[in-house]
Structure formats: structure tokens, C-alpha cells
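The next block holds one structure in the form of C-alpha cells; read it before the comments.
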């Protein structure tokens with residue numbers, strides 16, 4: 024999941040440099056190329072959170088089954104995961120904000136719990 028997020032960011036960084044060069048030669052072509060680069064970046068992880076959602080969901084599912092962390096933490100993780108997975112459904116992309124914000128809470132909770140143990 025982290026590799027996809029990093030790759031997504033790198034595509035935008037490298038793409039921006041290419042667009043800058045192309046823009047001085049052909050503005051219409053640069054706009055088209057930027058749209059293509061944006062579509063690739065969104066497909067890798069900038070637009071939907073499926074991979075992250077599946078990752079959080081599975082960690083929480085197995086954690087709940089094995090009683091690794093508090094049950095409430097795992098239930099939160101299941102909700103976070105489902106929110107991420109549902110971003111792939113057309114019209115539900117706004118759940119990406121729910122996924123991102125609740126995932127911050129989920130990660131922080133895990134971190135605090137681990138530091139205390």
C-alpha cells in the first residue's frame with residue numbers, strides 16, 4: 024500500500040516536470056498529457072483508497088479474531104476499512120475523507136496502545 028502511495032506521488036512529481044517542458048511547446052498537448060498523468064495517479068491511489076481499505080480491514084479482522092488489541096479498536100478499523108473500500112464505488116469517492124480522517128485516529132490509537140504496553 025505504501026509503495027502505491029509513493030509511486031502515485033512520484034508520477035505526479037515526474038509528470039509535472041514533463042508538463043512544464045511540454046507546456047512551452049504546445050499548451051493543448053500539455054493539458055491532455057496532464058489529464059492522462061492525473062488519471063494514472065488517481066488509479067494508483069490518489070483517487071480511491073481500496074488497497075488501504077483492504078489492508079486496514081484485514082488487519083482489524085485478524086486482530087479481532089486473535090484479540091491482539093482492544094476490540095473497539097478493531098471495530099473502528101473495520102469501519103475505516105469499509106470506508107476505504109467503498110471509495111471505489113462511483114459516487115462514494117467522498118468517503119476518502121472519512122477513510123483518511125478515521126485512519127489517523129486508528130493509527131494514533133494503535134501507536135498509543137503499543138507505547139503503553
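Residue numbers (my numbering): 24 to 140. All C-beta atoms in this analysis are idealised placements derived from N, C-alpha and C, irrespective of residue type, glycine included.
Query, Result
"Indicate the three-state DSSP secondary structure (helix, strand or coil) for residue 115 in the structure shown.", "coil"
"Please check the pair residue 35 and residue 60, which I expect to be a contact at CB under 8 Å, by giving their CB distance rounded to whole angstroms.", "7 Å"
"With a cut-off of 8 Å on the beta carbons, I'd call residue 110 and residue 73 a contact; round off their distance for me.", "7 Å"
"Taking only runs of the alpha helix (DSSP H) that begin and end inside the segment 34 to 78, which ones reach a length of at least 4 residues, in chain order?", "50 to 64"
"Under a Cβ-count criterion, where at least 16 other Cβ atoms within 10 Å of its own Cβ denotes burial, should residue 85 be classed as buried or exposed?", "exposed"
"Comparing alpha-carbon positions, which option in 28, 29, 56, 27 lies nearest residue 41?", "56"
"What is the rounded straight-line gap between the Cα of residue 49 and the Cα of residue 43?", "10 Å"
"Confirm, please, whether the CB-CB distance from residue 80 to residue 119 is below 8 Å.", "no"
"Below 8 Å between beta carbons: does that hold for residue 95 and residue 125?", "no"
"Is the CB-CB distance between residue 106 and residue 76 below 8 Å?", "yes"
"Give every residue of the same chain whose Cβ lies closer than 6 Å to the Cβ of residue 115, excluding the five residues on either side of it in the sequence, and list them in chain order.", "109"
"How far does the alpha helix (DSSP H) with residue 102 in it extend, from its first residue to its last?", "94 to 109"
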